[in-house]
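All the letters of the sequence shown, read from the start, carry residue numbers 1260 to 1969 under my numbering.
C-beta atoms are modelled at their ideal positions from N, C-alpha and C, and glycine is treated no differently.
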Amino acid sequence: MPTSTQPKKTPKTKAKKKRTTRKVKKNLVIVESPSKAKTIEKYLGSRYKVMASLGHIRDLPKSKMGINVDNNYEPHYISIRGKGDVIKELRKEAKKAKQVYLAADPDREGEAIAWHLSYLLGLDPNDKNRVVFNEITKDTVKNAFKNPRAIDMNLVDAQQARRILDRLVGYSISPLLWSKVKKGLSAGRVQSIALNLIIQREREIKEFIPEEYWNIDSQFKKGRSKFDAAFYGLKGKKTALKNNEDVQNVLSKISKEKPFEVAKVIKKERKRFPALPFTTSTMQQTANNSLKFRTQKTMMIAQQLYEGINIGRGGSVGLITYMRTDSTRVSTIAKHEAAGFITENYGSDYAAIKPRAGKLSENAQDAHEAIRPSSVLRTPGSMEKYLTKDQMKLYSLVWSRFVASQMTPAIVDTVRADLEQNEVTFRANGSKMKFPGYTKVYAESKRKDNLLPNLSEGDEVSLVKTDPSQHFTLPPARYSEATLIKTLEENGVGRPSTYAPTLSTIQKRYYVKLTARKFEPTELGEIVNSMIAECFPDILDVKFTADLEDELDEIEEGKQEWVNVIDQFYRPFAKEVTSAEQKLEKVKIKDEPAGFNCDICGAPMLIKMGRYGKFYACSRFPDCRNTKAIVKKIGVTCPKCSKGEVVERKSKKNRIFYGCSRYPDCDFISWDQPVGRNCPKCKHYLVYKKSKKGAQVKCPNGDYEEELQK
């Protein structure tokens, strides 16, 4: 029988039921920036989606005042142009989300952003959906999400009040300046004070009368040891040397044959205490002085360090605490971590048992800690490979300043010796570091020991030489960014978040210019300042503005109603605006003849005042629109084409550079000023370079340099 070819029956298998998995709803977290979003999402895990609003999403309109002064100063907010897609995406994700959390920065501005978001997303502002943290580290962020709170309307009202005040001032005075001076000008509360301070300082400099004075620096000798001393006074009293006659009178009393006697020796042990951790303004000042950072640059880099830096396996982490603060307070946890780090790396003698605590200024809000590293264990050396050059500089500054603030003071042995002969007294001062303390980590300046020989009262020392020198008192220095911020802060004008935009605005409007890193007022700035001074004296009154800042703080604390504060300011201000419109005459900024003709039509060229300074323009404008930048010649022939002259120009960021006057025919460019000579070694053109030693002439190739006399 042939075998059957029928297929074998296979046992029936039960069909597998498809599992239907319910999609778990995620929590939505909204922050301001993408980098902050990326850092926080990593800490919160898969149950959270973190998105960025890219700053404010609602504001007053640019095209009009946007405030109903007749209806309790009701602001008219609109969605910011260009934010439509962002708002649409946030609304879409908010509808799908299990819970929406608003995690903008922990200040008035951040609270306002959260409030505007809650309005646009249809959230209840009384819901506990506001999350704040002072540093972006895993533990801090996770703990913050365990304790959400409702939006703080006092903070929102304080921000609203500032915004409305600035809008009322800006949109009332600016049109006045447009009609009486020129278009494109602006005025504001804090910027007007800053401009006035700069102009007042310039007047002090011009009115300053120098006074003559003299010093007599001398060298003495005891045994083989030589040391320096300076004239102190006559008959044991400090005496000023006003002229050469006074000097000659002193020198005539000194006998070259007779030794000086050590009349008095005072030895002391002095403690030098560390500086407090950074606030916003002290960080801006120190970065400007030490790192030569502009204020805006400092805040931009600080924001990057706060929001998160990718540190390899550790992922993205915030390296510093929140950078807008006026407090020097430090958390207990941070103090303990710093104490352990200092003890382990420098020894227990260097860790302060009770670190120096700063006294809060009258205007300080103390809402946040001082600016410090989120962990002192992340030393600058260990972070260097993850940071840009500028980030590294600022992080090192913040880290070292904080660690030093938790260390013991430096101890310096000082000695003062008075040397007398014929009622003439010279004074020698010496010092020696006994214990470095905090200076192991953070030294404000390079300090060298100044050693004196062992001197005792009654010892005799001989005069080696005298060196009289004439001097004149100097006028007060122009404001730098650092000193202007310090002055504004001392006067209670502005707050940490306002300094950078204020300094930026007065430069953008060309009210001031930076020369050698110091502010100088322009002609336009003088005109605007005089008009504001004439018609709006309160705006330039430092005390008035400082009191207004205090009232904004009281709104934040719930002690004042924001509408009342605005009303008390605006009613008298509105009358001043009406009066100014009738009182002020139109200011004509006269054009100056340039001294040459237009190379297009042959008409005389003029020097005109523009938004960004003076420039050349054809007198036949608008029929001829020929314009040229005003450039400064330095008297050097172009080293590239040998036809044009090297001229000083400015980049878009206002940085000086040097180029050929024949541009674009010749594209020579140099950041350093050419000297007009070539290197004797490689024939490359030489340039002037500034260094710690002073000015130098150097070859850019690095093969040759010359020291210049001061």
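{"Asked": "Proximity of residue 1475 and residue 1725 at Cβ, strictly below 8 Å", "Found": "yes"}
{"Asked": "Spatial neighbours of residue 1624 in its chain, beta-carbon cut-off 8 Å, leaving aside the 5 residues before and after", "Found": "Note on residue 1624: pLDDT 48, under 50, position unreliable in the model; the coordinate value appears next. Hits under 8 Å: 1585, 1586, 1754, 1812, 1815."}
{"Asked": "Minimum C-alpha distance to residue 1876 - residue among 1854, 1520, 1417", "Found": "1854"}
{"Asked": "Segments of 4+ residues assigned as alpha helix (DSSP H) that fall wholly inside the region 1570-1644", "Found": "1591-1605, 1639-1642"}
{"Asked": "From 1901, 1570, 1893, 1835, residue whose alpha carbon lies closest to that of residue 1647", "Found": "1570"}
{"Asked": "N-terminal and C-terminal residue of the alpha helix (DSSP H) that residue 1315 is part of", "Found": "Run containing residue 1315: none; DSSP gives neither H nor E here."}
{"Asked": "Cα-Cα separation between residue 1488 and residue 1961, rounded to whole angstroms", "Found": "41 Å"}
{"Asked": "Distance, residue 1890 Cα to residue 1776 Cα", "Found": "19 Å"}
{"Asked": "Residue 1957 (DSSP reduced to helix, strand or coil)", "Found": "strand"}
{"Asked": "Cα-Cα separation, residue 1901 to residue 1918", "Found": "12 Å"}
{"Asked": "Selected residue, minimal CA-CA separation from residue 1630, among 1408, 1558, 1915, 1927", "Found": "1558"}
{"Asked": "Segment limits, beta strand (DSSP E) that includes residue 1473", "Found": "1471-1481"}
{"Asked": "Spatial neighbours of residue 1291 in its chain, beta-carbon cut-off 8 Å, leaving aside the 5 residues before and after", "Found": "1311, 1312, 1313, 1314, 1363, 1364, 1369, 1372"}
{"Asked": "Same chain, Cβ closer than 7 Å to residue 1433, five either side skipped, listed in chain order", "Found": "1444, 1445, 1446"}
{"Asked": "Whole-angstrom C-beta distance between residue 1550 and residue 1656, which should lie under 8 Å", "Found": "7 Å"}
{"Asked": "Reduced DSSP category for residue 1907 - H, G, I as helix; E, B as strand; rest coil", "Found": "strand"}
{"Asked": "Own chain, CB closer than 6 Å to residue 1391, minus 5 neighbours either side, in chain order", "Found": "1365"}
{"Asked": "Local conformation of residue 1398 per DSSP, three classes", "Found": "helix"}
{"Asked": "For residue 1860, the nearest candidate out of 1869, 1878, 1932 (CA to CA)", "Found": "1878"}
{"Asked": "Alpha-carbon to alpha-carbon, residue 1347 and residue 1665", "Found": "48 Å"}
{"Asked": "N-terminal and C-terminal residue of the alpha helix (DSSP H) that residue 1431 is part of", "Found": "1412-1439"}
{"Asked": "For residue 1788 and residue 1454, believed in contact at Cβ under 8 Å, the rounded distance", "Found": "5 Å"}
{"Asked": "Cutoff 6 Å; reference residue 1688; Cβ partners in own chain excluding five residues on either side", "Found": "1675"}
{"Asked": "Which of helix, strand or coil DSSP assigns to residue 1820", "Found": "coil"}
{"Asked": "Contact belief for residue 1941 with residue 1899 at Cβ below 8 Å, rounded distance in angstroms", "Found": "Actually they do not touch by this definition, with Cβ atoms about 16 Å apart."}
{"Asked": "Residue of 1849, 1885, 1833 minimising C-alpha distance to residue 1857", "Found": "1885"}
{"Asked": "Best match in 1525, 1530, 1527, 1562 for proximity to residue 1542 [C-alpha to C-alpha]", "Found": "1562"}
{"Asked": "Cα-Cα separation between residue 1970 and residue 1579, rounded to whole angstroms", "Found": "The first residue shown for the chain is 1260 and the last is 1969, placing residue 1970 beyond what the model contains."}
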